[in-house]
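Counting from 90, one number per residue, gives the positions in the sequence shown under this note's numbering.
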Amino acid sequence: MEELTDLIVATDPASGARLPVRLDTVIAQLTAGGQDRAARLARRLPVRDGVLVAEEIDALQIRVHCELQRLGEELQLPRRVAEWLLRWRAARPGEPLRVVDVGCGLGHVVRWLAAYDALGPGVDLVGVDLNRALVGRAAELAAAEGLDCRFIAGDALAPGVAGDDGMTTVVISSGLLHHLTASALPEFFAAQRRLRVAAFAHWDIDPGPWTTAGAWIFHRARMREPVSRHDGVLSARRAHPASVLLAAARAGAPDYRPACTDGPRWWPRLSEVLRPVTGTAP
């Protein structure tokens, strides 16, 4: 099952350049997977000569991520990220730190941390995303508020992209892991091990018996973009349980100390809809 936002933008992995995306290719991939509703949504997307109009798709992606930011606000995600980082940093008082948000989108978490000076002095806050439109908008928002953070278009786990000066680095993300297949997860953690990050903490949806129904209700009530409603529910269906995340972390970063716990199955807490898989270097 594919999310529309994963299919309607393509980037050259080497150069980061935007690649054209043909609508018929998107529709064929969706129909092959039995996603007829998603194919109907795709047919409404703006097209020129059979190719999705990049400027319109960028505007759509920004609208979708604005709605995702609303979700993050309601779930108090930035505050929870800050609390985890502060607990981790308590054992390293005064040590310079770089926090890198992988797949940062509009950079809501990074901008929140900067706006509230949540981690104190000596912290380099960096958001990285392959999508240049999202990173550009994140940088504009940060500049408008005069925030001390930066945003980079590229692969956050490629050497030297977020920084190569030896500074202690923690890699975070939110809502990213379900975009990766279970077979791709070990390499995701292995890439962080190769960068010798001090720790990682990746928040994603906690799957459970109520997750999909809850996602449908929330997205119908809060989201206005049809793509947001479609992808939000599918995200819940694609989310990995803690057992899968822990196995992947141990396979990709065997010397790190991983942790991840699914919440209550039948009485989930709204604030724990997103829970982290974490790892600390030896």
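For every residue, glycine included, the Cβ atom is placed at its ideal position computed from N, Cα and C.
### Query
Is the distance from the Cβ of ALA207 to the Cβ of GLU234 below 8 Å?
ALA207 places its beta carbon 8 Å or farther from that of GLU234.
### Query
The beta strand (DSSP E) with PRO365 in it runs from where to where?
Looking at the DSSP string, the run of the beta strand (DSSP E) that includes PRO365 is 363-369.
### Message
In whole angstroms, give me the CA-to-CA distance for CYS238 and ILE97.
### Response
Their Cα atoms are separated by approximately 29 Å.
### Task
Thinking ARG364 and TRP292 are a contact (beta carbons under 8 Å), I'd like their distance in whole angstroms, please.
The beta-carbon distance between ARG364 and TRP292, rounded to whole angstroms, is 7 Å. This is short enough to meet the 8 Å contact definition.
### Query
What are the boundary residues of the alpha helix (DSSP H) that ILE261 is part of?
Taken as a continuous stretch (DSSP letters only), ILE261 belongs to no alpha helix (DSSP H), being part of the beta strand (DSSP E) at 257-263.
### Query
How far does the beta strand (DSSP E) with HIS291 in it reach, from first residue to last?
Note, HIS291: beta strand (DSSP E), 288-294.
### C-alpha distance - LEU375 paired with VAL198, whole-angstrom precision
The question about residue 375 has no answer here: the residues shown for the chain are numbered 90 through 371.
### Message
Just to confirm the assignment, what range does the beta strand (DSSP E) spanning ALA348 have?
### Response
Start and end: 346-348.
### Message
Give the list of continuous beta strand (DSSP E) stretches no shorter than 3 residues that lie fully inside the segment 221-286.
### Response
Those beta strand (DSSP E) runs which fall completely within the segment 221-286 and span 3+ residues are 239-242 and 257-263.
### Query
How would you write the range of the alpha helix (DSSP H) that LEU166 sits in, first residue to last?
In this chain, the alpha helix (DSSP H) harbouring LEU166 covers 166-178.
### Task
Report the rounded CA-to-CA distance for ASP344 versus ALA280, giving the unit in angstroms.
When rounded, the separation of the alpha-carbon atoms in ASP344 and ALA280 is 13 Å.
### Query
Across which residues does DSSP place LEU141 in a beta bridge pair?
DSSP, once it has assigned bridges, lists VAL136 as partnering LEU141.
#### Entry: Local Cβ density within 10 Å of ILE294, reported as buried at 16 or more and exposed below that
By the neighbour-count rule (16 or more Cβ atoms within 10 Å), ILE294 is buried.
#### Entry: Contacting residues, own chain, Cβ-Cβ under 6 Å from THR300 (five flanking each side not counted)
For THR300, where only same-chain residues beyond five positions count, the Cβ hits under 6 Å are ALA325.
### Query
Mind checking ASP95: buried by the 16 CB within 10 Å criterion, or exposed?
Here ASP95 is exposed, its C-beta having fewer than 16 other C-beta atoms within 10 Å.
### Query
Are the beta-carbon atoms belonging to VAL217 and VAL189 less than 8 Å from one another?
In contact: VAL217 and VAL189 (Cβ atoms closer than 8 Å).
### Query
So LEU186 packs on VAL224, CB below 8 Å; how close in whole Å?
Between LEU186 and VAL224 the beta-carbon gap is near 22 Å, outside 8 Å, which marks them as no contact.
### Query
In whole angstroms, what separates the C-alpha of ASP320 from that of VAL191?
When rounded, the distance between both Cα atoms is 19 Å.
### Message
Excluding the 5 residues flanking LEU284 on each side, which residues of the same chain have their C-beta closer than 8 Å to its C-beta?
### Response
These residues qualify, in order along the chain: LEU246, PRO248, THR258 and VAL260.
### Task
Could you pull out every residue in the same chain whose Cβ sits closer than 8 Å to the Cβ of PRO371, ignoring the five residues on either side in sequence?
Cβ contact annotation for PRO371 (same chain, cutoff 8 Å, sequence separation greater than five): ASP344, TYR345 and ARG346, in chain order.
#### Entry: Supposed close pair ALA232, ILE241 - CB separation, criterion 8 Å
Their Cβ separation, rounded to whole angstroms, is 15 Å, which puts ALA232 and ILE241 out of contact at 8 Å.
### Query
Contact check, ALA99 vs LEU108 under 8 Å by CB: the rounded distance?
At roughly 4 Å, the Cβ-Cβ gap stays under 8 Å, so ALA99 and LEU108 are in contact.
### Task
Could you tell me the distance, in whole angstroms, from the CA atom of ARG152 to the CA atom of CYS349?
So the two alpha carbons sit approximately 31 Å from each other.
### Task
Report the three-state DSSP secondary structure of ALA103 (helix, strand or coil).
In this structure, DSSP gives ALA103 a state outside helix and strand, which the three-state scheme calls coil.
### Buried or exposed by the 16-neighbour rule on C-beta atoms within 10 Å, applied to PRO298
Using a 10 angstroms sphere on the CB of PRO298, the tally of other CB atoms stays under 16, which defines it as exposed.
### Query
Just the Cα atoms here: how many angstroms apart are ARG200 and LEU274?
Here the alpha carbons of LEU274 and ARG200 stand approximately 27 Å from one another.
### Query
Roughly how many angstroms separate the alpha carbons of PRO330 and GLU172, rounded to a whole number?
Straight through space, the alpha carbons of GLU172 and PRO330 are spaced by roughly 23 Å.
### Message
Which residue wins for smallest C-alpha separation from VAL366, given the options LEU230, LEU335 and ASP101?
### Response
Residue LEU335 is the option with its Cα nearest to VAL366.
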